[in-house]
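For reference, the structure is listed below as C-alpha cells.
Chains as they are written, first to last, in my numbering: chain A, 865 to 1180; chain B, 865 to 1180.
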C-alpha cells in the first residue's frame, strides 16, 4: 500500500465513523463487511458509477457536490423500491496528481448525505485511475415481498411524479453555455435530495403499482416502466411540473432530477404532497401500443409519440 | 441510452441468465436487485476494482482472464470470511473504441467462474470511461456470528497458508521481462480459483482464529492480521511453499495469489490438505512486538524484521 493510499484509507475510516447503522455488524477493516438484515426484510442492492467527464466535470462541480451526487444516485434507487437505506460501499479510483483536499471534500459531501439518512459507509476499494472514478454500492432493506417494482403498472393506472422536472438539466444547460452557476443546496443539480421518505411512505401505504427514479429522464424512465409492465402511457404536456430554470423539453428528456415516477390505480386517493414534496398527476397508463410506448398530448389536445431521448443529450 | 450500451446490457442479461442463485428474488431489470438471505445467516459484502493498466494490461491479459480475475477477487474475499457466495454486481466502464468482442469475452470469463460457484450476476452499471474500469461487488452469506475475521489471532496460534505462494507474481515478472506467457488455466495468475471450499470447510469446523486472502502479498496481508489482532508474527522462511515459477522474495511480497492465510490454536489438528488444496504451516503468532510486526527466520535460524513491501512492487 502506498503512503497516499494509507492516508486516504484513514480519511475514509474517519468519515465512516460519523454515520453508523445498526445493520452493519463489521464495517471497514476486514475482507468483507458483515451486515444483518432485520427479520422479515429483504435486501436491496444497487451500484452506480460517477466518472469524471462523463457524470461530472471538475471545473463545474465542487468535490462536495460530486460526493453528494455519487451517494444520492444510489439512495435514489433505494427510494424507488420503497426501501430503507442501511449502508454504502465506495470504490474510488483517483489520479496520482489529485490534491488530497479534493478527496477530503468529496468524502465530506458523501458523508453529510449519509448522516442525513443514517447510512453507514461500510467498505469499498481504492485504486489509481486515469480519471476520478467512483462506484457507489447502496444497500437497503424492505419488508419481504413489498418492493415496489417497475413491472406492476396496469392500464387505467394514473401516472405521478414528485417535485419538479428538468431542473438538473436546466442547470447543466447553463453550465454548457459557459454561465457561472452557484452550486446552491437548493435545486436538483448539485445537491439532489433522494426521495427516500416519499418512497417509503408510498410503499407503506401500498399505493404505487410501479415506481422508478428519474435518473435518465422522463421519456426513458417511463419507457422502462412501460417495457417491464407490458403497457403504454399517455402523458399530458400541460400537467408536467416544469422547474423554474427549465423548459418542457428538458423536463421530458433531461436526466438526473432524482424525483420519483410512479403509477397507482385510479381509485387510489393520492395526496397533493408527501412529507412536503409535491405530487403531480401527469398522465395515465394505457394498453400496450406497439407503435409507440409513450404518447404525449400537446396544448391543442393532439397526441404524438414521445420518443425516448434521455439524458445522453446532456451528457458531459 | 446509446445503442452500444443497449447491446451490452442485452449481453449482460443473457450472461446473467446462465447462473442462478435462489437468494436472488429480482435480478437485473429494476432500480435495485432484491435478495433474500437465509434464516440464521448474515450478509457478506465486498467490492474490488479491476482497472486497465493498474490491475491488468490488455496486451498481456486476454479478456476472459480479466473477467475471471475480476470476479475471483471478490469471491476470494468471501472465501476469507468462510462464507458462501450468492450474487455479484458488475459496474463496467468501457472506452468508446473497445471492440464488442472484448466485452463479450470479458463477460464469458466472469460468467464461467460465476457458474462454477452458483453465483448470480444480479445487477450493476454501465458507463463510458477513459480506460476499462470494472468494479465487482460480491455478496455472500455466513451463519450469524460465524464470520472468520482478521482480528482473532492470539499469541501461540499457528500460521497456515493454502496452496503455493508467489506464482502470480512469478508470471507477472515474466510478462514484465517481455516473455510470452501462455495464459494457462493452471497457475494462479490468469485464472486463479478462489478458495471458497477450503474457506467454508475451515469455518464449519470452527478451526481458524483469523483468516485473510493473499491479495496484496504475505508481508502485507499477515500484517493486516497482526494489526487487527494486536499481535506479532514469526515466519519460517524454510517453510514457505514457493511456487515453481517463483522465488522466496516473490512468495513473501508478491500479490494476487488468492490463497488463504489463516491462524489456529496450536492444539487444532490441521489436515495436510483441504478438498485437494495443500495446507502448510509457515510460522506462529507471538505477543505484540512494537519494533516489528512480522519477523522471519532465515536458513541459519536468525530472525530479522519482515517489512511490508507487497505487490506495489509488481504494480502494472
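Don't be surprised by glycine CBs; every beta carbon is placed ideally from N, CA and C.
Note that this is a predicted model, so its numbers are computed, not measured.
Just the Cα atoms here: how many angstroms apart are residue i and residue j?
i, j, result
"residue 1000 (chain B)", "residue 970 (chain B)", "13 Å"
"residue 1141 (chain A)", "residue 875 (chain A)", "35 Å"
"residue 1060 (chain B)", "residue 1035 (chain B)", "23 Å"
"residue 958 (chain B)", "residue 998 (chain A)", "14 Å"
"residue 865 (chain B)", "residue 1003 (chain B)", "Any answer about residue 865 (chain B) is weak, because its pLDDT of 42 lies below 50 and its placement is not dependable; what the coordinates show is given next. So the alpha carbons of these two residues sit roughly 28 Å apart."
"residue 1177 (chain A)", "residue 1108 (chain A)", "A caution first: residue 1177 (chain A) carries a pLDDT of 41, below 50, which makes its placement in the model unreliable, though a value can still be read off. Looking at the two C-alpha atoms, the distance is approximately 20 Å."
"residue 1165 (chain B)", "residue 989 (chain A)", "39 Å"
"residue 902 (chain A)", "residue 1008 (chain B)", "12 Å"
"residue 1066 (chain B)", "residue 946 (chain B)", "7 Å"
"residue 981 (chain B)", "residue 879 (chain B)", "15 Å"
"residue 1147 (chain B)", "residue 1099 (chain B)", "4 Å"
"residue 1162 (chain A)", "residue 1055 (chain A)", "32 Å"
"residue 1134 (chain B)", "residue 871 (chain B)", "50 Å"
"residue 1136 (chain A)", "residue 1071 (chain A)", "14 Å"
"residue 977 (chain B)", "residue 984 (chain B)", "10 Å"
"residue 895 (chain A)", "residue 962 (chain A)", "27 Å"
"residue 966 (chain B)", "residue 897 (chain A)", "32 Å"
"residue 950 (chain A)", "residue 887 (chain A)", "7 Å"
"residue 1075 (chain A)", "residue 1125 (chain A)", "6 Å"
"residue 1011 (chain A)", "residue 1069 (chain B)", "37 Å"
"residue 1047 (chain B)", "residue 1031 (chain A)", "51 Å"
"residue 906 (chain A)", "residue 972 (chain B)", "30 Å"
"residue 1086 (chain B)", "residue 1039 (chain A)", "50 Å"
"residue 1123 (chain A)", "residue 1089 (chain A)", "15 Å"
"residue 885 (chain B)", "residue 930 (chain B)", "23 Å"
"residue 953 (chain B)", "residue 936 (chain B)", "13 Å"
"residue 1115 (chain B)", "residue 991 (chain A)", "23 Å"
"residue 922 (chain A)", "residue 1049 (chain A)", "18 Å"
"residue 1077 (chain A)", "residue 944 (chain A)", "5 Å"
"residue 1226 (chain B)", "residue 1158 (chain A)", "With chain B running from 865 to 1180 in the structure shown, residue 1226 (chain B) is simply not present."
"residue 996 (chain B)", "residue 877 (chain B)", "20 Å"
"residue 1037 (chain B)", "residue 924 (chain B)", "12 Å"
"residue 1138 (chain A)", "residue 1024 (chain A)", "12 Å"
"residue 1170 (chain B)", "residue 1160 (chain B)", "6 Å"
Whose C-beta lies closer than 8 Å to the C-beta of residue i among residues of the same chain, with five residues either side of it excluded?
i, result
"residue 1179 (chain B)", "Note that residue 1179 (chain B) scores 47 on pLDDT, short of 50, meaning its location in the model is unreliable and no value can be drawn from it."
"residue 948 (chain B)", "942, 1004, 1005, 1006, 1060, 1064"
Going by beta carbon distance, what residues of the same chain come within less than 6 Å of residue i, once the five residues before and after it are set aside?
i, result
"residue 1130 (chain B)", "1020, 1022"
"residue 1149 (chain B)", "1017, 1019, 1021, 1095, 1097, 1127"
"residue 955 (chain A)", "988, 989, 999"
"residue 909 (chain A)", "1003"
"residue 927 (chain A)", "966, 969, 970"
Using the DSSP secondary-structure output, state which residues sit across from residue i in a beta bridge.
i, result
"residue 1024 (chain B)", "B:1126, B:1145"
"residue 1160 (chain A)", "A:1099, A:1168"
"residue 956 (chain B)", "B:990, B:998"
"residue 894 (chain A)", "According to DSSP, which records beta bridges pairwise, residue 894 (chain A) is partnered with nothing at all."
"residue 873 (chain B)", "Its beta-bridge partners do not exist; DSSP assigns none."
"residue 906 (chain A)", "A:1006"
"residue 913 (chain B)", "B:999"
"residue 1106 (chain B)", "B:1029"
"residue 899 (chain B)", "A:907, B:888"
"residue 1138 (chain A)", "A:1141"
Going by beta carbon distance, what residues of the same chain come within less than 7 Å of residue i, once the five residues before and after it are set aside?
i, result
"residue 1153 (chain B)", "1096"
"residue 934 (chain A)", "914, 974, 998, 1000"
"residue 1073 (chain A)", "1016, 1017, 1018, 1021, 1127, 1128, 1129"
"residue 1028 (chain A)", "1105, 1106, 1107"
"residue 1172 (chain A)", "1083, 1084, 1087"
"residue 1112 (chain B)", "1101, 1104, 1106"
Mind checking if residue i is an interface residue toward chain E, Cβ cutoff 7 Å exclusive?
i, result
"residue 1011 (chain A)", "Within the model displayed, chain E is absent; protein chains A and B are what it includes."
Near-chain A residues of the region 979-997 of chain B (beta-carbon distance less than 9 Å), N- to C-terminal order:
986, 987, 988, 989, 990, 991, 992, 993, 994, 995, 997
Give the residues from the region 1094-1105 of chain A that approach chain B closer than 9 Å (Cβ to any Cβ), ordered along the chain.
The region 1094-1105 of chain A vs chain B, Cβ under 9 Å: nothing.
What are the uninterrupted segments assigned as beta strand (DSSP E) that are 3 or more residues long and contained completely in the region 991-1079 of chain B, given in chain order?
997-1007, 1022-1026, 1074-1077
Counting only runs of 3+ residues fully inside the region 920-987 of chain B, write out the beta strand (DSSP E) ranges in chain order.
Taken in chain order, the unbroken stretches of beta strand (DSSP E) that lie wholly in the region 920-987 of chain B and span 3 residues or more are 948-958.
Within 9 Å of chain B by C-beta, residues of the region 939-961 of chain A in sequence order
940, 941, 942, 943, 944, 945, 947, 951, 953, 954, 955, 956, 957
Give, in chain order, every residue of the region 1108-1127 of chain A whose Cβ lies closer than 9 Å to some Cβ of chain B.
none
Which of the residues in the region 900-920 of chain B, read from start to end, lie with their CB under 7 Å from any CB of chain A?
900, 901, 906, 907, 908, 909, 910, 911, 912, 913, 915, 918
Chain-ordered residues of the region 877-896 of chain B with a beta carbon less than 8 Å from chain A
Those would be 889, 890, 893, 894, 895, 896, in chain order.
Closer than 8 Å between beta carbons: that is the criterion. Which residues of the region 1011-1025 of chain B meet it against chain A?
1011, 1013, 1014, 1015
Short of 8 Å Cβ to Cβ, which residues in the region 1038-1055 of chain B face chain A?
The region 1038-1055 of chain B vs chain A, Cβ under 8 Å: nothing.
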